[in-house]
Structures are given as C-alpha cells and as structure tokens.
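So the structure is just underneath, and the comments pick up after that.
Protein chains: 2
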Amino acid sequence: MTAEGATDLPHAILRHTVGNPFETTVEQLATAIRLGVFVDGDQLPPERELAERMGVARNTLRDAIAALRDAGLVTTRRGRGGGTVVTYAAPTPGSGAPAVRRGATMLDALDFRRVVEPGAAWLAASRGLSGDQRAWLVASLRETAEADDPGAHRLADSRLHLAIATLSGSPMLIEAVTRAQAALGELLSAIPVLRTNIQHSHDQHRAVVDAILTGAADEARTAMEEHCDATSALLRGLIG
Amino acid sequence: MTAEGATDLPHAILRHTVGNPFETTVEQLATAIRLGVFVDGDQLPPERELAERMGVARNTLRDAIAALRDAGLVTTRRGRGGGTVVTYAAPTPGSGAPAVRRGATMLDALDFRRVVEPGAAWLAASRGLSGDQRAWLVASLRETAEADDPGAHRLADSRLHLAIATLSGSPMLIEAVTRAQAALGELLSAIPVLRTNIQHSHDQHRAVVDAILTGAADEARTAMEEHCDATSALLRGLIG
DNA sequence: GCTCTTTGGTCCGGACTTGGACCATTACGT
DNA sequence: ACGTAATGGTCCAAGTCCGGACCAAAGAGC
C-alpha cells in the first residue's frame, strides 16, 4: 500500500457506487448463504417479498436466484408450498487455501472488523435484552460448540457473530459487521482446524456472551477484541 | 423501535441495495460538499475522471452535477481551465432546526458513530504517520479553532473527523465514518452554537489529536469516545 | 373432487444507464 | 496569431432494470 501520503480528502472519501442491482443481489444472497444466515434446508422468503425487502424488481431477483441455482446453492419448486430452498453444505475448509489474493483488502477488513465487532458486543451488552434475545444468543453460542464438522462450525461461528451484531440493535452496525464477515469469509474458511484453535475460539466466544448477558459492556468489548486479535494473528499468516 | 424481539437473522441481515446511480451520485457529491470535503471555491475533478472514480457513466455524472447546479451548490464553466466549482457557503445553523425527523435513524447513527469514530482514532494512533499526515492533522485541528462563523466551524469539524478517519488507513472505516457523519450532518448543524459547547468540543478535539500524534492509541480512543458521548448528549435532546 | 390461495414462470413497454463518438468553448504555449 | 490541449456539451445505440399484468403449478380447505 502506498498509503503513506494519504492527505487528500476527496480522494479518500469519494467511493465507487456499488455495482448493478443484479450482481449486488447475487452477491448478497450468496454471502448470506455462505455466512449461514440461511442454512441447508432453509427456505428463502417468497420472491415477491424478498424482492421488495431487497429493493429490487422481481425480475432482477429472479435472475439472481437463477444464478444461485446454477451455482448449486439453491433449488426451486413451484406451486403453493413451493419456493426456493438452500442446498448448501458448507465445504470442508483447509483445502487448497488460495486465499492469498488481495492482501490489502483483507488487511482492511481485519482492521475494520477489529473495530466494529467489539463495538457491536459493547452495544449489545449495554442494552437490556429480552428473554428471546438472551435465549437466541445462548443457543447461537451452543451451536458453535456442538458443530462437529469444520464446515458447520464455520457457519455457526458466523451466525454467532451476526447474532451479536443484530443484538446491538444498530442497523448500520449490523451491516458493518456483515460486510466485515463477508470480506473475511474466504479467509476464515482457511483457518487450520486444530483442536486448540477451536477451543480457544470457543472460550473467547463464551467470554463475550457471558459479558453481554451480564451487561458488562466494557468486558464484552475487551473479550471481543481479544477474539479478533487472536483470529487476526492466525489470518495474517495466510496473507501475502 | 419495536426491536425488542429481533432474533431473526435473515430479516436483520438482508438490506436494500442502494438506489439508482443517479441519485446515489447526487447524494454522494452533495454530502461531500456539505461535509466540507470540497469547500467554497474548490474545483471538482474533471467529469471524465470523476465519473471513473465514482464508477458511473459520464452521462449520469453530468446529470448529477446538473442537479447540484440547480440546487445552487456548484457552477460550471467550460473550456480549458474551466470545470465545476463549488459555490456553497455553509448556512448559519440554529435556524429552524427541523431535525426531529426519523429519530430512529438518528439514534442508529449516533450509536454507529460512537463505535467507528473512536475506532478510527485508535487505528490512526496505532499507525506510524508520515510528516505530511501529521501536518495535515494539525492543520485540520487548527482550522476548527480558527473558523469564525458557525457554518465554517461546522465544515472544519467535519473535515477534522474525516481526516482522522482517513489517517486510519482503512477504506472500510473511512466509508463508515463518512456515512455516520452524513447521517448526522443535518442534526449536527442544529447544535446550539454556544461558546462553552465550542470550547469543550475543541478541547476534546485537541485531546484526540494529541493522543494520535503521540501514538497513544487507547488514549485517542477514549478521548474520541468522550467527544462522541458529549455530542450525543447534546443531540439526543434535539430528537423526538 | 372442486375451488381458492400461494408460489414460481413469462412477457412487455417504458425508463434509466452505459460506453462511445463527436462537437463547442476556452486557455495555454509557442 | 495560431495550433493544441483540456474541458464541458450533445447525441445515439445497446443493454439493463423496473413495475405491472398475466400464466402455470401445486398444495390447503371445504
């Protein structure tokens, strides 16, 4: 990065407007599936509803779903009770690991994540959570522990992080965490699946969740920071 | 906000794809001007270059600029040496203050800002800054102190915050801070311009900048948190 | 079984966006 | 003074997106 002399506000601020609706939609849905927002067997909302929620014409959404179908991520049946169902078992990580691409982007995402995820944990701990929300958080944590195969563990991990972000109650923060996770997804799948790594990760997750449940905001943030730093250390070794 | 039972990941994650390129471009340029990225008299980059940087066709960019021209934010001259220059003196705040709209969005932005701005300050302090960057930071701080009229002070304040974000070196974080500032812009303009408010704000700014310059990351973050909290307290009174 | 409802599938005209080529105006350099 | 370069202004054909109407399949309820 030649960022040494970045003292030009316009150049730093003006950004590309996102791509066309079709690609954006495909990317968003694919990301949601890869992050475990929808898991294998889950049904997507009806096209009309989903199109409206994503702010896109049904035609465009349909094209996006067709792309997912071509990629083998979903299947579709029509008629009442039909719909589009996710058919995606998370691949076993550790294979190939060609995640060396675009190191700068990855480092950016690591920095970003280190800011927004602890922030989300802090906010979530600061709020009063409802019983449903507490139960959801506990369940999300348990699922990371119970996941047996590495792929399932990866998805459960994403789900837990997204759940914490959601409990922050800040849509902007939720989106930020989602983007960080999406950017790192490829890389996170390449973490060596060693027993010690998973154990440490789980300990850190539990510390974060405990702190959130007891309303210890600063503790939750610190715990999440340690978790991000630990992950970061593992990941930086995988980048160029 | 009926966020009490937010335990539905798909509903929380799937977001609207941004609007059409034209509106997005207008909004982005108008925001840049209102945040002081371009100040009165500044010249925008040539259309061809700007269009490419914003990832949009020149036609669309031209339509956007035409909208800004209709709004009186810029004027355009053609021929060599011509171009589009900003003609926008920040309005004197405190008038009307009809900023009560969309309280939930504002509270979201306040929460988001309280996370990303301290994070940016922390990151900026963690990096080794070049001489140019240090000088830029100092100059940005000085401009907030020297600004006499309230509108100019508002712009200088935005510029300082955006400068800190830029010095974090993380594009994702820069964008996050920009979005937070943009969302709050309307509200920030409504802060009562009292001598004590400005004095406190300036003291906090100086604390942040000093910490960044000395590489005291945690101190920079804490100082920025205090600044955000102080601003937040002022602003929450203005929302419904 | 029949009908209704839900859901995906298809099609179309209008609007927007793109990428490119070309025109018009102005200042700079020689 | 002249030519050249830089910059905004105009236009067009192709592609994409929208929004809405309508069709087709398949289960739900009577």
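Here the protein sequences line up with chains A and B, keeping their order.
By numbering that gives the first Met the number 0, the letter at position 138 of the first sequence is numbered 137, and the numbering carries on one by one without gaps.
By numbering that gives the first Met the number 0, the letter at position 137 of the second sequence is numbered 136, and the numbering carries on one by one without gaps.
We put the CB at the ideal spot given by N, CA and C, even for glycine.
* Can you tell which of B:A134, B:M105, B:L212 and B:T165 has the C-alpha that lies nearest to the C-alpha of L237 (chain B)? -> B:M105
* Asked: Taking the beta strand (DSSP E) that R76 (chain A) falls in, what are its first and last residues?
  -> V73 to R76
* To do: Identify, in the order they occur along the chain, each residue of the same chain with its Cβ nearer than 6 Å to the Cβ of L72 (chain A), setting aside the five sequence neighbours on each side.
  => I32 and Y87
* **Beta-carbon proximity list for T195 (chain A), same chain, < 6 Å, skipping 5 on both sides** => none
* **Span of the beta strand (DSSP E), counted from its first residue to its last, around T83 (chain A)** => G82 to V85
* **Under 8 Å between C-beta atoms of T16 (chain A) and T16 (chain B)** => no
* **Uninterrupted alpha helix (DSSP H) stretches inside the stretch 7 to 87 of chain B (no shorter than 4 residues)** => With a minimum length of 4 residues, the continuous alpha helix (DSSP H) runs that stay inside the stretch 7 to 87 of chain B are 8 to 12, 20 to 33, 46 to 52 and 57 to 69.
* **Boundaries of the alpha helix (DSSP H) in which I163 (chain B) is found, first to last residue** => P149 to L166
* Asked: Measuring CB to CB, does I12 (chain B) end up less than 8 Å from L43 (chain A)?
  -> no
* Where G168 (chain A) falls, given that 16 or more other Cβ within 10 Å makes a residue buried -> buried
* To do: Just confirm the distance between the C-beta atoms of M171 (chain A) and F111 (chain B), as a whole number of angstroms; I'd bet it's less than 8 Å.
  => 4 Å
* Asked: In chain B, what lies closer than 7 Å to E174 (chain A) by C-beta?
  -> R14
* Asked: For A50 (chain A), which residues from the same chain have a beta carbon less than 6 Å from its beta carbon, with the 5 sequence-adjacent residues on both sides left out?
  -> R57 and L60
* Asked: chain B partners of T23 (chain A), CB-CB under 9 Å?
  -> Here the neighbours are T16 and V17.
* Would you please verify whether the beta carbon of M105 (chain B) is less than 8 Å from any beta carbon of chain A? => no
* Asked: Is W190 (chain A) helix, strand or coil when you go by DSSP?
  -> The amino acid occupying residue 190 (chain A) in the given sequence is Ile; Trp does not appear at that position. It is coil, neither helix nor strand.
* To do: Would you tell me roughly how many angstroms separate the C-alpha atoms of D131 (chain B) and T6 (chain A), rounded to the nearest one?
  => Cα to Cα, the separation comes out at about 7 Å.
* Cβ-heavy atom distance between P170 (chain A) and the ligand ADP below 7 Å? -> The ligand ADP is not part of this structure, which contains no ligands at all.
* Asked: Is the shortest distance between the beta-carbon of R279 (chain A) and the beta-carbons of chain B less than 8 Å?
  -> Outside the displayed range of chain A (0 to 239) lies residue 279 (chain A), so it cannot be described from this structure.
* To do: Answer yes if the stretch 116 to 131 of chain A comes into contact with the stretch 212 to 222 of chain A, meaning at least three C-beta pairs across the two stretches below 8 Å, and no otherwise.
  => Three or more beta-carbon pairs separated by less than 8 Å link the stretch 212 to 222 of chain A to the stretch 116 to 131 of chain A, which places the two stretches in contact.
* Stretch pair the stretch 78 to 87 of chain A + the stretch 133 to 151 of chain A: three plus CB contacts closer than 8 Å -> The stretch 78 to 87 of chain A, when compared against the stretch 133 to 151 of chain A, does not touch it at the 8 Å Cβ threshold.
* Candidates A:E225, A:L166 and A:D148: which alpha carbon is nearest S188 (chain A)'s? -> Measuring C-alpha to C-alpha distances from S188 (chain A) to each of A:E225, A:L166 and A:D148 identifies A:D148 as the nearest.
* Same chain only: Cβ atoms within 7 Å of R47 (chain B), ignoring 5 sequence neighbours per side -> R57
* Asked: With a cut-off of 8 Å, does the C-beta of M53 (chain A) fall near any C-beta of chain B?
  -> yes
* Report the neighbours of Q42 (chain B) on chain A: residues whose CB is nearer than 8 Å to its CB, in chain order. => Within 8 Å Cβ-Cβ: nothing; Q42 (chain B) doesn't reach chain A, min ~10 Å.
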